[in-house]
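Undergrad:
There are 2 protein chains.
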Amino acid sequence: MERLMIPGPAELHPDDLAVLAEQTVPHYGDRWAPFFRGLLDDVAHLLDAETAYILPGSGTAGIEIAIANLFAAGDRVVVPDTGYFATRVAEVAEALGLRVKLVATPLGAPVDPDGLDLAGADGLLAVHVDSTTGIRHPVEELARRARAAGVTFVVDAVASAGGERLRLRESGIDAVVTAPQKGLAAPPGLAIVAFDRRGSEQIRRHRPRSWFFDLTRWQEARDKDEWEPHPVTMPTAVVRALAASVARIASVGVDSWIADRHALAGYLRSRLRAAGFDVFAPDGHAANLVTVVPCDDPDLYARRAIRHGLMIGRGLPPLAGAVRIGLLGETATTASVDRIVRALEDRT
Amino acid sequence: MERLMIPGPAELHPDDLAVLAEQTVPHYGDRWAPFFRGLLDDVAHLLDAETAYILPGSGTAGIEIAIANLFAAGDRVVVPDTGYFATRVAEVAEALGLRVKLVATPLGAPVDPDGLDLAGADGLLAVHVDSTTGIRHPVEELARRARAAGVTFVVDAVASAGGERLRLRESGIDAVVTAPQKGLAAPPGLAIVAFDRRGSEQIRRHRPRSWFFDLTRWQEARDKDEWEPHPVTMPTAVVRALAASVARIASVGVDSWIADRHALAGYLRSRLRAAGFDVFAPDGHAANLVTVVPCDDPDLYARRAIRHGLMIGRGLPPLAGAVRIGLLGETATTASVDRIVRALEDRT
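As structure tokens, then:
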């Protein structure tokens, strides 16, 4: 099996793999309930949020949860089209009956907050780092624009949380969505949705047309059920591995953890450029967890990586002519960076 | 940690724990896609269904998926009130905008198919084994009634699949819902929804107001995407452990596997009765995976179990005055049955 240098899922720390191998525990009771409540608090802290929810699901489920609990059918939302995952966000909003304005933006540049017309909108939904391009978009400036326009702002941080700083409470982001298998270096299988205080108040005013995704129900279980702090069976193994990884990040310190990823991504870009490769993201806007390298023959580079025992990601539409390199989990090391650059260079 | 004799989650086979401990694999590519498609076929076969879907989620998510894809808001459905999980099914249908008739039924008896009035209904939603009572309800007879009345029939088999025979294709059940952590002896974290041919055709006529739970989207990915046969990131570790457990059941043979559970549940009931305990389910309708023992002081019996290193379930409303014993996974053995009966008897 090749080592994973894809933009997710991440390879797991051996200690977290050992947690996964432990016998199944009940998702309720005197040990589980305080443990799970503590994890919710730790995840909220890591995301700088007022409150966090963890549900069985995926990043896309999290997008649906955030939208369904913050907006009603018929609401108008603006989505800057930053790539594959922005169109996904727009699709989810449309499936929920929202009126979506997908705003064209230059693919190779960060979204321009001043160019966004939010008149008449109820919400702004933006991708923090679109894995299509490896560009980090200016969500804090977008938050100020959204706050000024009085619209609710949701950030898709699936490809950024744990790798880029999020400052919900000071910036005015109402909700962020992520998943465990990227910057949090945990196994896939969960949706993570976090809110600042304003977002948290707003979810109490909307009940989605869904039982499972209705966060008011999840909040009630957390508040009232001493025995089982969630309304459904949780993926206990995955949750426990997430807790182990979150504790590890906390032990380093979130800021240090992210600074390390920032330095490593800079090192990857400098090594790539020294080897004659381009990096798609403009300087100052390059993401920490995913680096996109435009190329004519992505398959060639993917095969070179495999020959060296590594797996990288292919380009995603509309930027199919690229490879994508992830710096997540156990392969976020300078040794891995050296190895992948050597592999991409290897013409033998 | 106590051994689990609760009605779920199940303790896992050591080989499946070893699968969970393996490094994360990508949820796409040449190895994953055929593996996942094969698992869908194997699960459909195990449930005697035409087609099965596996999504990140839980049993309740599966109920929502089945209802959302088979019915539209405003549709009328009948739900026999067989206990806690029947009220859950009714709640989910109501959250989706269906008009629900929750039909009172005697708690201590199987649903009487001839007593059900399906006039004007679009659907019948019934729980196969309600974990509240440990009673197995006659879903095949209900299927005949539903088919005669021209209504769509959905079975909540969360507490029965893998432990009770389901015959979708011959009986006319349109859809069944289950989850991995009960009779399939796998880790929690997935929703499993399976359809016979008629149910499978019907889901193509309804698009739910949801992106994530829209099975047409899941079917398209399975049909068309050679690289990634599902539209979101899957909980790879949990899926792989489910596949290992499903393969183990298939190697025994589904019928033999279920016959073993039937014999073991009979043995538990005879041992309990010999020790002076009651069993709530009437003879001939007792479930294989969960046995409910009415008692005045459930806490006393739960404490006795814990003193013997075992964990049993407490009663669920409306039958709180009971304990519930699960025969799932690694503790579905005669040795465990002997041990739990000794524990419940132990007055020291």
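Residue numbers (our numbering), protein chains in the order written: chain A, 97 to 444; chain B, 97 to 444.
The C-beta atom is built at its ideal place from N, Cα and C for all residues, glycine as well.
1) On the DSSP letters alone, give me the boundaries of the beta strand (DSSP E) that Phe131 (chain A) sits inside.
2) Run the CB neighbour count on Gly295 (chain B), radius 10 Å, all protein chains shown included, and call it buried at 16 or more, exposed below.
3) Between Ser154 (chain B) and chain A, is the shortest Cβ-Cβ distance under 8 Å, so that the two count as touching?
4) Which residue from A:Ala439, A:Asp321, A:Arg410 puts its Cα closest to that of Gly230 (chain A)?
5) By DSSP, does Ala271 (chain A) sit in helix, in strand, or in coil?
6) Can you tell me the Cβ-Cβ gap for Ala377 (chain A) and Val388 (chain A), rounded? I've got them flagged as a contact below 8 Å.
7) Per DSSP, Ala287 (chain A) forms a beta bridge with which residues?
8) Comparing C-alpha positions only, which one of A:Leu385, A:Pro105, A:Arg265 sits nearest to Gly362 (chain A)?
9) Rounding to the nearest angstrom, what Cα-Cα distance links Asn165 (chain B) and Asp310 (chain B) in this structure?
10) Can a CB atom of chain B be found closer than 8 Å to the CB of Gly285 (chain A)?
11) Is there a C-beta anywhere in chain B that falls below 8 Å from the one on His123 (chain A)?
12) Could you tell me whether any Cβ in chain A is nearer than 8 Å to the Cβ of Arg305 (chain B)?
13) Interface residues of chain B around Gln315 (chain A) at Cβ under 8 Å?
14) With C-beta atoms as the reference, is Thr274 (chain B) less than 8 Å away from Gly153 (chain B)?
15) With DSSP as the reference, please indicate the residues paired to Asp177 (chain A) in a beta bridge.
16) Suppose you measure from the CA of Gly285 (chain B) to the CA of Ile299 (chain B); what does that come to, to the nearest Å?
17) Rounded to a whole number of angstroms, what is the C-alpha to C-alpha distance between Ile452 (chain B) and Ala371 (chain A)?
18) Which of helix, strand or coil does DSSP assign to Gly411 (chain B)?
19) Is Glu324 (chain B) close to chain A? Criterion is C-beta to C-beta, closer than 8 Å.
20) For the beta strand (DSSP E) holding Ile421 (chain B), just list the boundary residues, first then last.
21) Is it the case that the Cβ atoms of Phe181 (chain B) and Asp252 (chain B) are separated by a distance below 8 Å?
22) Quick check: what's the CA-CA separation for Leu368 (chain A) versus Val375 (chain A)?
23) Which one of A:Cys391, A:Arg241, A:Met407 has the shortest CA to CA distance from Ala398 (chain A)?
24) For Lys278 (chain A), count the other beta carbons within 10 Å of its own beta carbon; 16 or more makes it buried, fewer makes it exposed. Which is it?
25) Please confirm whether Val433 (chain B) and Val334 (chain A) have their CB atoms less than 8 Å apart.
26) Helix, strand or coil for Glu98 (chain A) per DSSP?
27) Are at least three pairs of beta-carbons, each pair with one atom in the region 107-121 of chain B and one in the region 228-248 of chain B, less than 8 Å apart?
28) Quick one: is the Cβ of Phe249 (chain B) within less than 7 Å of any heavy atom of the ligand GTP?
29) Touch check for the region 243-252 of chain B and the region 135-143 of chain B: three-plus C-beta pairs under 8 Å?
30) What residues from chain A crowd round Asp310 (chain B), counting only those whose CB sits closer than 7 Å?
31) Only counting the same chain, and skipping five residues up and downstream in sequence, which positions put a Cβ closer than 7 Å to that of Ala418 (chain A)?
32) Using a Cβ-Cβ cut-off of less than 7 Å, list which residues of the region 330-361 of chain B approach chain A; keep chain order.
33) For chain B, is any of its Cβ atoms less than 8 Å away from the one on Glu260 (chain A)?
34) Just list the alpha helix (DSSP H) runs in the region 315-359 of chain B, keeping only unbroken ones of 4 residues or longer that don't cross its boundaries, in chain order.
35) Could you say if the region 166-174 of chain B and the region 184-204 of chain B meet the contact criterion of at least three C-beta pairs nearer than 8 Å?
36) On the CB-based measure, 16 or more other CB atoms within 10 Å of its CB, does Pro276 (chain A) come out buried or exposed?
TA: Checking against the coordinates, here is how it stands:
1) Numbered from its first residue, the first sequence carries residue 131 (chain A) at position 35. Phe131 (chain A): not part of any beta strand (DSSP E); member of the alpha helix (DSSP H) spanning 128-142, first to last residue.
2) Indexing the second sequence from 1 puts residue 295 (chain B) at position 199. When all chains shown are included, Gly295 (chain B) counts as buried.
3) If you number the second sequence from 1, residue 154 (chain B) lands on position 58. Yes, contact with chain A.
4) On the first sequence, position 134 is the one that residue 230 (chain A) refers to. Taking only the C-alpha atoms, the option nearest Gly230 (chain A) is A:Arg410.
5) Stepping through the first sequence from its first residue, residue 271 (chain A) is reached at position 175. If DSSP states are grouped into helix, strand and coil, Ala271 (chain A) belongs with the strands.
6) Looking up residue 377 (chain A) in the first sequence gives position 281. Looking up residue 388 (chain A) in the first sequence gives position 292. The pair is a contact, with the Cβ atoms about 7 Å apart (cut-off 8 Å).
7) Your numbering for residue 287 (chain A) matches position 191 in the first sequence. Partner(s): A:Leu151.
8) Taking the first residue of the first sequence as 1, we reach residue 362 (chain A) at position 266. Checked all of A:Leu385, A:Pro105, A:Arg265; the closest Cα to Gly362 (chain A) is A:Leu385.
9) As a first step, residue 165 (chain B) is located in the second sequence; it is residue number 69 there, counting from the start. As a first step, residue 310 (chain B) is located in the second sequence; it is residue number 214 there, counting from the start. Separation of Asn165 (chain B) and Asp310 (chain B) (C-alpha to C-alpha, rounded to the nearest whole angstrom) is 7 Å.
10) Numbered from 1 along the first sequence, position 189 holds the residue referred to as residue 285 (chain A). For Gly285 (chain A), the answer is yes, since a Cβ of chain B falls inside 8 Å of its Cβ.
11) As a working note, residue 123 (chain A) is residue 27 in the first sequence. Yes, contact with chain B.
12) Looking up residue 305 (chain B) in the second sequence gives position 209. In terms of beta-carbon proximity, Arg305 (chain B) lines the interface with chain A, with at least one pair separated by less than 8 Å.
13) As a working note, residue 315 (chain A) is residue 219 in the first sequence. Residues of chain B passing the Cβ test: none, with the nearest at roughly 15 Å.
14) For this step, residue 274 (chain B) is matched to residue 178 along the second sequence. For this step, residue 153 (chain B) is matched to residue 57 along the second sequence. Contact flag unset, no.
15) Mapped onto the first sequence, residue 177 (chain A) falls at position 81. DSSP lists A:Ala200 as the beta-bridge partner residues of Asp177 (chain A).
16) Along the second sequence, read from residue 1 onward, the residue named residue 285 (chain B) stands at position 189. Along the second sequence, read from residue 1 onward, the residue named residue 299 (chain B) stands at position 203. Answer to the nearest angstrom: the Cα atoms are 23 Å apart.
17) Residue 452 (chain B) cannot be examined here, being either before or after the span of chain B that is shown, 97 to 444.
18) Indexing the second sequence from 1 puts residue 411 (chain B) at position 315. Reduced to three states, the DSSP call for Gly411 (chain B) is coil.
19) Numbered from 1 along the second sequence, position 228 holds the residue referred to as residue 324 (chain B). Output row for Glu324 (chain B): interface = no.
20) The sequence position of residue 421 (chain B) within the second sequence is 325, counting from 1. Run containing Ile421 (chain B): 418-422, per the beta strand (DSSP E) assignment.
21) The residue labelled residue 181 (chain B) in the question sits at position 85 within the second sequence. The residue labelled residue 252 (chain B) in the question sits at position 156 within the second sequence. A contact, by the Cβ cut-off of 8 Å.
22) Numbered from 1 along the first sequence, position 272 holds the residue referred to as residue 368 (chain A). Numbered from 1 along the first sequence, position 279 holds the residue referred to as residue 375 (chain A). Their Cα atoms are separated by approximately 8 Å.
23) In the first sequence, residue 398 (chain A) corresponds to position 302, counting from 1. Per the Cα distances, A:Met407.
24) Sequence index remark: in the first sequence, residue 278 (chain A) carries index 182 (1-based). Its Cβ being crowded by 16 or more others within 10 Å, Lys278 (chain A) is buried.
25) Taking the first residue of the second sequence as 1, we reach residue 433 (chain B) at position 337. Taking the first residue of the first sequence as 1, we reach residue 334 (chain A) at position 238. Their beta carbons are not under 8 Å apart, which means Val433 (chain B) does not touch Val334 (chain A) by this criterion.
26) Here residue 98 (chain A) refers to the residue found at position 2 when the first sequence is read from its first residue. Glu98 (chain A): coil per DSSP, three-state reduction.
27) no
28) Looking for the ligand GTP in the displayed structure turns up nothing, as the structure carries no ligands at all.
29) no
30) Translated into the one-based positions of the second sequence, residue 310 (chain B) becomes position 214. What Asp310 (chain B) touches in chain A: Ala191.
31) On the first sequence, residue 418 (chain A) is found 322 positions in, with the first residue counted as 1. Once the five neighbours on either side are set aside, the close Cβ partners of Ala418 (chain A) are Phe376, Val388, Val389, Pro390, Cys391, Pro394, Gly411.
32) Only those residues of the region 330-361 of chain B whose C-beta falls short of 7 Å from the nearest C-beta of chain A are listed: Met330, Pro331, Thr332, Ala333, Val334.
33) Along the first sequence, one-based indexing puts residue 260 (chain A) at 164. Taking Cβ atoms only, chain B never reaches closer than 8 Å to Glu260 (chain A), which makes this a no.
34) Taking only runs of at least 4 residues, the alpha helix (DSSP H) segments lying wholly in the region 315-359 of chain B are 332-348.
35) yes
36) Sequence index remark: in the first sequence, residue 276 (chain A) carries index 180 (1-based). With 16 or more other Cβ atoms within 10 Å, it is buried.
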